[in-house]
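> With UniProt numbering applied, the sequence shown closes on residue 167, and no number is skipped along the way. In this text, a Cβ means the ideal position worked out from N, Cα and C, and glycines have one as well. Keep in mind it's a predicted model, so treat the numbers as computed, not measured.
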Amino acid sequence: MQRSISSTKNVYRNLLHLQKPPTAAMVTWQQPPCDVFINHRGIDTKKNVAGLLYNHLVRLRLRPFLDSKNMKPGDKLFDKIDAAITGCKVGVVVFSPRYCQSYFCLHELARIVEAKKKLIPVFCDVKPSELIVRDDGSCSKHQLNRFKTALEEAKYTVGLTFDSSNG
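1) Decide yes or no for the touch test of the region 127-141 against the region 94-102: beta carbon pairs closer than 8 angstroms, at least 3 of them.
2) If you count every other CB in all the chains shown that lies within 10 Å of the CB of residue 54, and 16 or more means buried, which is it?
3) Any idea what DSSP makes of residue 97, helix, strand or coil?
4) So, are the CB atoms of residue 124 and residue 49 less than 7 angstroms apart?
5) Can you tell me which of the three DSSP states residue 22 falls into?
6) Given residue 57, which residues of its chain have a CB within under 7 angstroms of its CB, disregarding the five upstream and five downstream residues?
7) According to DSSP, is residue 124 helix, strand or coil?
8) How is residue 38 classed by DSSP in three states: helix, strand or coil?
9) In whole angstroms, what is the alpha-carbon distance linking residue 101 and residue 40?
10) Have a look at residue 157 and residue 73 and give me their C-alpha separation to the nearest angstrom.
11) Please determine, among 136, 117 and 105, the residue with the shortest C-alpha to C-alpha distance to residue 44.
12) What does DSSP give as the partner residues of residue 119 in its beta bridges?
Below is the structure:
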């Protein structure tokens with residue numbers, strides 16, 4: 001019995017010596033960049049337009065980023081989203097009636113515009129003229145100006161329209 005315990009300890013020690021220390025690549029694994037960042041107001045479009053777009057892009061073997069699909073518990077919200085925007089080639093912005101009520105939507109839109117990414121607007125149940133950034137006192141003047149500038153650029157970019165009542 002003593003011999004088998006001793007042998008086991010030797011095998012274990014030898015295995016420990018064979019293991020290589022973790023490299024930087026092993027420690028700092030990162031998700032590959034996405035091709036398309038989908039910016040949307042979740043309560044308006046996650047289950048229809050944004051979700052369908054995500055699934056379609058996956059079938060085309062593209063790498064879309066949709067927060068509900070790509071983020072996991074414990075992820076740092078702004079870090080993960082900003083990294084996805086920085087790494088993407090195209091930002092698809094799905095505008096909806098309550099889009100401009102969301103700080104996160106406007107922040108993502110501003111990041112897409114500031115990063116000079118190709119922007120494709122999708123106007124879902126809303127006309128471009130109906131999209132307005134309102135000052136509700138929750139943002140600084142600087143943030144409001146960022147959001148307004150980005151929204152104006154997106155509104156005057158040729159995009160797509162989607163009427164959910166007609167499909």
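Quick look at the numbers:
1) yes
2) buried
3) coil
4) yes
5) Reliability of the predicted coordinates at residue 22 is poor, the pLDDT of 46 falling under 50, and the value obtained from them is presented with this limitation in mind. If DSSP states are grouped into helix, strand and coil, residue 22 belongs with coil.
6) 36 and 64
7) strand
8) strand
9) 12 angstroms
10) 35 angstroms
11) 105
12) 91
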